[in-house]
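Novice: Quick note on the UniProt record's numbering: the sequence shown kicks off at 1 and runs consecutively.
I have a structure I would like to understand better, so I am pasting it below and will then ask my questions one at a time.
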Amino acid sequence: MEVVCIKFRDKFPYIYFLMEPNVVFVYKIDSFQYVTEFEVIDRFDVETYEIDDESEFETFNHEDEQQLIGRGYIHNDLKFITEAINESIQKQRSLANKFSTTPVHIVSQEFIAGTVRVGLRSPKVVIGIPAFFAIGPIWRLHEKEGQMYRNEWIYDHINYEFDDDPPLTKFKNFLRDIEDIPDQAPIYIWTGNNVEEQVATRYLIYLLRSRTNVVTLLHAPTLYDQLCEKSRAEVITGTGDLRHEQIQIIFDKCHTVQPLTTKENHQLQNEWLTLSKSRSVLRTWKDHKIVDLPVDFYDKKIIHTLESLQSNRDEYIRAGVVLGQLLESENFSIDGFYLEYRIRELIYQGVLAMKGIPKSMRRYRIKIRE
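Right, dumping it as structure tokens:
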């Protein structure tokens, strides 16, 4: 692997990158939120400057120079640039939040983080994990090797609408968010009766193993039953099922929930170490346990659903329709993109025939192969 080496200077809120012997790329940090490669390249206010000689870079100040107007620049080293920007942000965050006691709430997915942010009154910090732990490897995910392994598997099998770099960068940024939690800030981990939150809970507890923060688990279904007015139509299995107003009600009234004891903490850490030995890519929550499933667990259900939608054996059905019917009828708590991956595998195996381009589930149709 080629090692990228770019000269750069951190002059917060600006970072200077010497991209060519005489071209300086100037990036302004305008928030304490970590960035991805896409966010860096999508910035419209990035400036470029020209210097006479590389030796001038050490004393370069963009405020004293004339910006190059009308000249774009293709950034071939976005990973390096993004990493440098995020390292600068982390330094500043560490200084700004060193003595903060603002409560930190951690949830298992980013969309749940949005609900919690809306639901809770300030001050608060909310962190969402940019991953869906029901699918994909969690083998050694607490180490860089495991993070790369999961990222590669997701890229090779799951047809998300993004490139291969941002998911890993987003996950690194999540880990930075965890590192940035001040030692005196109370931590609340929201969890529920589903595999993604149960895996996330054990993973988070392991990540926090050397921290001195007081950590409390907020079990959404239990607290909902105890503290909220119930509706017959509502089935709460996890934090993602709560409405934003219920989030605040639960947090206001949950003071009887005791923080994790040292024994409980160690138990969850050990459970994570056991989980992280598995190379399974599919798991569920059954009988209060995290259970690995075979990779093809849903294949028969996919075939049965397709057969039920066909008016005759020659009819092709859009893949998205099959997935929608499957998710609705079975009420699966599973990523539809995983099921779409299994459809593609059934095509490769010759079980299903296809028309179209499998770029997304809306772009191709399938039938049972004769």
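Every residue, glycine too, gets a C-beta built ideally from N, C-alpha and C.
Keep in mind the model is a prediction, meaning the values are calculated, not measured.
What residue from Asp-10, Gly-136, Ser-55 has the CA that sits closest to Tyr-338's CA?
Specialist: Gly-136
Novice: DSSP three-state label for Thr-262, please.
Specialist: In the three-state scheme derived from DSSP, where H, G and I count as helix and E and B as strand, Thr-262 is classed as helix.
Novice: Tell me, please, whether the stretch 215-222 touches the stretch 186-197 by the rule of three or more beta-carbon pairs shorter than 8 Å.
Specialist: The stretch 215-222 is in contact with the stretch 186-197.
Novice: Which residue's Cα is closest to the Cα of Phe-171: Ile-138, Val-46, Lys-263, Pro-123?
Specialist: Ile-138
Novice: Please return the same chain residues whose Cβ sits closer than 8 Å to the Cβ of Ser-88, not counting the five positions on each side in sequence.
Specialist: Asp-10, Phe-12, Ile-15, Ile-29
Novice: Pick from Lys-355, Gly-350, Gly-324, Glu-47: whose alpha carbon is nearest that of Glu-340?
Specialist: Gly-324
Novice: For Met-361, which residues in the same chain have their Cβ closer than 7 Å to its Cβ, ignoring the five residues on either side in sequence?
Specialist: Ala-319, Gly-320, Leu-323, Glu-340
Novice: Within 10 angstroms of its Cβ, does His-105 collect 16 or more other Cβ (buried), or is it exposed?
Specialist: buried
Novice: Start and end of the beta strand (DSSP E) containing Ile-15?
Specialist: 14-20
Novice: Would you identify the three-state DSSP class for Gly-136, choosing helix, strand or coil?
Specialist: coil
Novice: To the nearest whole angstrom, what separates the beta carbons of Ile-357 and Arg-363, a pair I think is in contact under 8 Å?
Specialist: 5 Å
Novice: If I'm right that Leu-282 touches Leu-293 with Cβ under 8 Å, what's the distance once you round it to whole angstroms?
Specialist: 4 Å
Novice: Please confirm whether His-304 and Tyr-206 have their CB atoms less than 9 Å apart.
Specialist: No, Cβ-Cβ distance for His-304 and Tyr-206 is not below 9 Å.
Novice: Thinking C-beta only, is Val-199 closer than 9 Å to Leu-275?
Specialist: yes
Novice: Compute the Euclidean distance between the alpha carbons of Ile-347 and Asp-296, then round it to the nearest angstrom.
Specialist: Here the alpha carbons of Asp-296 and Ile-347 stand approximately 13 Å from one another.
Novice: For the alpha helix (DSSP H) containing His-244, list its first residue and its last residue.
Specialist: 244-253
Novice: At 3 residues or longer, and completely inside the UniProt domain "DUF3658" (256-364): list those beta strand (DSSP E) runs for me, N to C.
Specialist: List check, beta strand (DSSP E) in window: 283-286, 289-292, 352-356.
Novice: Could you tell me the boundaries of the alpha helix (DSSP H) in which Ile-112 lies?
Specialist: 110-119
Novice: So, at 7 Å on beta carbons, what are the nonlocal neighbours of Glu-65 in its own chain, with the 5 sequence-adjacent residues on each side left out?
Specialist: Tyr-49
Novice: So, are the CB atoms of Asn-173 and Thr-36 less than 9 Å apart?
Specialist: yes
Novice: Contact between the stretch 112-121 and the stretch 240-247 is defined here as three or more beta-carbon pairs at a separation below 8 Å; is this criterion met?
Specialist: yes
Novice: Is Ile-129 near Gln-109, with beta carbons less than 9 Å apart?
Specialist: yes
Novice: Residues in its own chain within less than 8 Å of Arg-209 by CB, not counting five upstream and five downstream?
Specialist: Asn-265, Gln-269
Novice: From the DSSP output, read off the bridge partner residues of Leu-218.
Specialist: DSSP output for Leu-218 lists Trp-190 as bridge partner(s).
Novice: Thinking C-beta only, is Leu-327 closer than 9 Å to Ile-302?
Specialist: no
Novice: Can you tell me whether DSSP reads Lys-7 as helix, strand or coil?
Specialist: strand
Novice: Closest by CA to Glu-56, which one among His-157, Arg-342, Phe-17?
Specialist: If we check each option's Cα against that of Glu-56, Phe-17 comes out closest.
Novice: Only counting the same chain, and skipping five residues up and downstream in sequence, which positions put a Cβ closer than 6 Å to that of Lys-90?
Specialist: Reading off the sequence, residue 90 comes out as Gln, not Lys. The residues are Arg-176.
Novice: Determine the burial state of Thr-101: buried for a count of at least 16 other Cβ atoms within 10 Å of its Cβ, exposed for fewer.
Specialist: Exposed: under 16 other Cβ atoms inside 10 Å.
Novice: Between the Cα of Ile-81 and those of Thr-239, Ile-6, Pro-103, spot the shortest distance and give me the residue it belongs to.
Specialist: Across the set Thr-239, Ile-6, Pro-103, the C-alpha of Ile-6 shows the shortest separation from the C-alpha of Ile-81.
Novice: In terms of residues, what are the limits of the beta strand (DSSP E) holding Tyr-27?
Specialist: For Tyr-27, the enclosing beta strand (DSSP E) covers residues 23-28.
Novice: Residues in the same chain with beta-carbon distance under 7 Å from Leu-309, minus the five sequence neighbours each way, listed in chain order, please.
Specialist: Ile-317, Val-321, Val-322, Gln-325
Novice: If we ignore side chains and look at the alpha-carbon of each, how far apart do His-157 and Asn-151 end up?
Specialist: 10 Å
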